[in-house]
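>
2 protein chains.
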Amino acid sequence: MQTYLDCYPCFVRQTLQAARMAGADEAQQRDIMCQALDLLGRHSVGTILSPPEIAYRIHKMVRKQTGVNDPYYEAKQVSTQRALALYPELKQVVHQADDPLDAALRISIAGNIIDFGYSQDYDLESTLKRVLAQSFALDRRAELRAALSEADRVLYLADNTGETVFDRVLIETLDVPVSYAVKSGPVLNDAVRSDALDAGIDLAAEVIETGSDAPGTILRQCSDDFRRRFEAAELIIAKGQANYEMLSDQGARVFFLLQVKCPVIGQDIGAPAGSIVLWQGG
Amino acid sequence: MQTYLDCYPCFVRQTLQAARMAGADEAQQRDIMCQALDLLGRHSVGTILSPPEIAYRIHKMVRKQTGVNDPYYEAKQVSTQRALALYPELKQVVHQADDPLDAALRISIAGNIIDFGYSQDYDLESTLKRVLAQSFALDRRAELRAALSEADRVLYLADNTGETVFDRVLIETLDVPVSYAVKSGPVLNDAVRSDALDAGIDLAAEVIETGSDAPGTILRQCSDDFRRRFEAAELIIAKGQANYEMLSDQGARVFFLLQVKCPVIGQDIGAPAGSIVLWQGG
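Chains as they are written, first to last, in the working numbering: chain A, 496 to 777; chain B, 496 to 777.
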């Protein structure tokens, strides 16, 4: 997906959030803001990058300026703890469901609310309740079921820390082995390997890395090994908005599970903000 | 009030809104965004301007780039028509109230929802219903009543077009002559003289101008005549957030009537976003 001008207020907001998460003082926040505005200015005309590519540059700059390698470290720890506290309830929901796969898909989508690119505030309990009852605005559940029944392995592209616990519940419900791909370095609250292990993903899936520390999955920045796995994958489950922004043109083997939190993505995917979506690449 | 870094996402959003209101195409919107980012970068360190002073520069730049003198002209016309359609109901509310002045103050504050610096979308009916019943988060109604009983004239600083109709209802309820100050040139959806006349303000008050086309009331940009009136005024009613941002240090003769729509102003004034406020300068 291209970057729309409507994305710019959000980049500016994310810059400030990241600077504060990294503990920058007021003067350093101003310096960082200044650099982000300059960066955005340079990318506002000419070659247009995708939103995750611009976010990647901003977060990298903030890490460099502050010298803090993982500004969201503590927030991520809290997210995982909160999600793990819900884990028994999530398992119970799947266990008691008439359609366990449907329940687990919804749970995985519910976890996508833990998105610091969108907001630092989230309410897991009320989101879970909503998503378990909500209609899908875009619905390829039948196609995903068919693909799951034929696939030998699923490549599962992780998104945020804490959401990992919700992903684990879905993975534990699948009958197919899963490779769970996390980032190779911190960016925003995206999950890295240690975040996935904290969620216990390794008990349910093989944990692999994209080779990149960019949000979403920017294939040309990924390792050769990951790209080979990506090319060879029969079935890919891609979580969250950033993966949709990067991979919507990667064919029908990619299924996107997300909450539409942003009106710009909503416009692009064809479902309003607030929707839950299980979409398939074209 | 100083400009906080938290204001920056909002400036970027306003830039895009103004460019679109002026009918700029995609390429021109990108040029305008680029210039706004540059402008914000230059003002993010060193001498810090107030939010209305930065907004003033942005909107002036958009008008210059597009050659459109009043980008919000049509939107303002619609706002006035919608507000005038409610005028009989507003008068009825005051007429039937046990405390007509209290009702009229609330009506004037309800009209402050028509603020394109905050959002293009507003619902007058539901806002009116809410504000007529809502508790004041900051409440100097008693002090304002006392000041009104002693003043020979009120200087009333207008804010947005359409809100003008709600102001008219308050002015018609006062027993004191009013001078109603509008901007001398278009900026955002702020009222200029013709907007005030469309609302019928001239039937209730003397309409005067600030001499400036800046949002809020930036005294050093106002005409000598207006500044003399401002200095001499015994009692000033200042509407909206931008007037609060500029005039909160102008003494106890200034009463601020507004809806707190922005969390940054909320933090500064000491009342959460969503509040209604009748505050007094210090």
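Every residue gets a Cβ at the ideal spot worked out from N, C-alpha and C, and that includes glycine.
Where do the N-terminal and C-terminal ends of the beta strand (DSSP E) with Tyr551 of chain B fall, by residue?
In the second sequence, residue 551 of chain B corresponds to position 56, counting from 1. No beta strand (DSSP E) holds Tyr551 of chain B; the alpha helix (DSSP H) holding it covers 546-561.
> How close, in whole Å, do the beta carbons of Arg635 of chain B and Leu544 of chain B come, if the pair is a contact with beta carbons under 8 Å?
Here residue 635 of chain B refers to the residue found at position 140 when the second sequence is read from its first residue. Here residue 544 of chain B refers to the residue found at position 49 when the second sequence is read from its first residue. 28 Å between Cβ atoms; not a contact.
> Do the segment 595-612 of chain B and the segment 748-760 of chain B meet, that is, are 3 or more Cβ pairs less than 8 Å apart?
Output reads yes: the segment 748-760 of chain B touches the segment 595-612 of chain B.
> Quick check: the segment 638-654 of chain A against the segment 729-737 of chain A, are there 3 or more CB pairs under 8 Å?
Result yes; three or more Cβ-Cβ pairs closer than 8 Å.
> Is Asn491 of chain B helix, strand or coil by DSSP?
This structure leaves residue 491 of chain B out entirely; chain B is present only between 496 and 777.
> For a minimum of 3 consecutive residues, which ranges assigned as the beta strand (DSSP E) are wholly contained in the segment 653-692 of chain B?
As far as the segment 653-692 of chain B is concerned, its whole beta strand (DSSP E) runs of at least 3 residues are 673-677.
> Assign Leu698 of chain B to buried or exposed, taking buried as 16 or more other Cβ atoms, counted over all protein chains shown, within 10 Å of its Cβ.
Position 203 of the second sequence, counted from the first residue, corresponds to residue 698 of chain B. Exposed.
> Is there a Cβ from chain A that is less than 8 Å from the Cβ of Leu500 of chain B?
Position 5 of the second sequence holds residue 500 of chain B. Judged by the 8 Å Cβ criterion, Leu500 of chain B is in contact with chain A.
> Which chain B residues are close to Leu714 of chain A, counting only those with a beta carbon under 9 Å from its beta carbon?
Working through the first sequence from its first residue, we reach residue 714 of chain A at position 219. Neighbours of Leu714 of chain A on chain B: none; closest Cβ ~26 Å, over 9 Å.
> Starting from Leu742 of chain B, find everything on chain A with Cβ-Cβ shorter than 9 Å and list it in chain order.
Sequence index remark: in the second sequence, residue 742 of chain B carries index 247 (1-based). Near Leu742 of chain B there are no residues of chain A at all, since even the closest Cβ is about 25 Å away, more than 9 Å.
> Any Cβ of chain A within less than 8 Å of the Cβ of Leu511 of chain B?
Counting from one through the second sequence, the residue named residue 511 of chain B turns up at place 16. Yes - at least one Cβ of chain A is within 8 Å of the one on Leu511 of chain B.
> Please classify Glu729 of chain B: does DSSP put it in a helix, a strand, or coil?
The residue given as residue 729 of chain B occupies position 234 in the second sequence. Glu729 of chain B: coil per DSSP, three-state reduction.
> Assign Ala519 of chain A to one of three DSSP states: helix, strand, or coil.
Numbered from 1 along the first sequence, position 24 holds the residue referred to as residue 519 of chain A. It is coil, neither helix nor strand.
> For Gly695 of chain B, which residues of its own chain have a beta-carbon under 7 Å away from its beta-carbon, when the five flanking residues on both sides are left out?
Looking up residue 695 of chain B in the second sequence gives position 200. Once the five neighbours on either side are set aside, the close Cβ partners of Gly695 of chain B are Arg663.
> Starting from Gln775 of chain A, trace the beta strand (DSSP E) both ways and give me its first and last residue.
Residue 775 of chain A sits at position 280 when you count from the first residue of the first sequence. 771-775 is the extent of the beta strand (DSSP E) around Gln775 of chain A.
> Check whether chain B comes within 8 Å of Leu692 of chain A, counting only Cβ atoms and requiring the distance to be less than that.
The residue you call residue 692 of chain A lines up with position 197 of the first sequence. So, not an interface residue.
> Just how far apart, CA to CA, sit Ala522 of chain A and Leu532 of chain B?
Against the first sequence, residue 522 of chain A aligns to sequence position 27. Against the second sequence, residue 532 of chain B aligns to sequence position 37. The alpha-carbon atoms of Ala522 of chain A and Leu532 of chain B are separated by roughly 19 Å.
> Gln754 of chain A bridges to which residues according to DSSP?
The residue given as residue 754 of chain A occupies position 259 in the first sequence. Note: Gln754 of chain A sits in a beta bridge opposite A:Ile771.
> In three-state DSSP terms, what is Asp634 of chain A?
The sequence position of residue 634 of chain A within the first sequence is 139, counting from 1. Note: Asp634 of chain A maps to strand in three-state DSSP.
> Counting only beta-carbon separations shorter than 8 Å, does Leu532 of chain B have a partner in chain A?
Taking the second sequence and counting its residues from 1, one reaches residue 532 of chain B at position 37. Chain A contact via Cβ: present.
> Can you pull the chain A residues whose beta carbon is under 8 Å from the beta carbon of Gln524 of chain B, in chain order?
Translated into positions along the second sequence, residue 524 of chain B becomes position 29. Within 8 Å Cβ-Cβ: Leu500.
> Report, in whole angstroms, the separation of the C-beta atoms of Gly765 of chain B and Leu633 of chain B, which I expect to be a contact under 8 Å.
In the second sequence, the residue the question calls residue 765 of chain B occupies position 270. In the second sequence, the residue the question calls residue 633 of chain B occupies position 138. Right, their Cβ atoms sit about 7 Å apart.
> So which of B:His590, B:Asp593, B:Tyr582, B:Lys555 has the shortest CA-CA distance to Ala605 of chain B?
Reading the second sequence from its first residue, position 110 is the one you call residue 605 of chain B. Nearest of B:His590, B:Asp593, B:Tyr582, B:Lys555 to Ala605 of chain B, Cα basis: B:Tyr582.
> What separation, rounded to the nearest whole angstrom, lies between the Cα atoms of Val589 of chain A and Leu627 of chain A?
Within the first sequence, numbered from 1, the residue matching residue 589 of chain A stands at position 94. Within the first sequence, numbered from 1, the residue matching residue 627 of chain A stands at position 132. Cα to Cα, Val589 of chain A sits roughly 11 Å from Leu627 of chain A.
> Out of B:Ala592, B:Pro767, B:Gly518, B:Ser574, which has the shortest C-alpha to C-alpha gap to Gln560 of chain B?
Here residue 560 of chain B refers to the residue found at position 65 when the second sequence is read from its first residue. Here the closest residue by C-alpha is B:Gly518.
> Val821 of chain B touches chain A at which residues, Cβ-Cβ below 7 Å?
The structure shown does not extend to residue 821 of chain B, since chain B spans only 496 to 777, so no value can be given for it.
> I'd like the list of long-range same chain contacts for Gln509 of chain A, defined as Cβ closer than 7 Å, with 5 residues on each side in sequence excluded.
Translated into the one-based positions of the first sequence, residue 509 of chain A becomes position 14. Same-chain partners within the cutoff: Ala550, Ile553, Gly612.
> Closer than 7 Å by C-beta to Met741 of chain A: which residues in its own chain qualify, once you throw out the five before and the five after it? Chain order, please.
As a working note, residue 741 of chain A is residue 246 in the first sequence. Around Met741 of chain A: Ser545, Pro547, Gly711, Thr712, Ile713.
> Helix, strand or coil for Tyr617 of chain B? Go by DSSP, reduced to three states.
Position 122 of the second sequence, counting from 1, holds the residue named residue 617 of chain B. Coil, per DSSP.
> Give the DSSP-derived three-state secondary structure of Ile713 of chain A in the structure shown.
The residue given as residue 713 of chain A occupies position 218 in the first sequence. Correct three-state label for Ile713 of chain A: coil.
> Alpha carbon to alpha carbon, how far is Val673 of chain B from Asp647 of chain B? Give it in angstroms, no decimals.
Sequence index remark: in the second sequence, residue 647 of chain B carries index 152 (1-based). Sequence index remark: in the second sequence, residue 673 of chain B carries index 178 (1-based). Looking at the two C-alpha atoms, the distance is approximately 9 Å.
> CB Leu511 of chain A to CB Gln497 of chain A, shorter than 8 Å?
The residue labelled residue 511 of chain A in the question sits at position 16 within the first sequence. The residue labelled residue 497 of chain A in the question sits at position 2 within the first sequence. For Leu511 of chain A and Gln497 of chain A, no; Cβs fall outside 8 Å.
> Under a three-way DSSP split, which group does Tyr567 of chain B fall into?
Taking the first residue of the second sequence as position 1, residue 567 of chain B is located at position 72. In this structure, Tyr567 of chain B counts as coil in the three-state DSSP scheme.
> Using the Cα positions of Arg723 of chain B and Ala709 of chain B, report the straight-line distance between them to the nearest angstrom.
Stepping through the second sequence from its first residue, residue 723 of chain B is reached at position 228. Stepping through the second sequence from its first residue, residue 709 of chain B is reached at position 214. Going by the C-alpha atoms only, they are around 18 Å apart.
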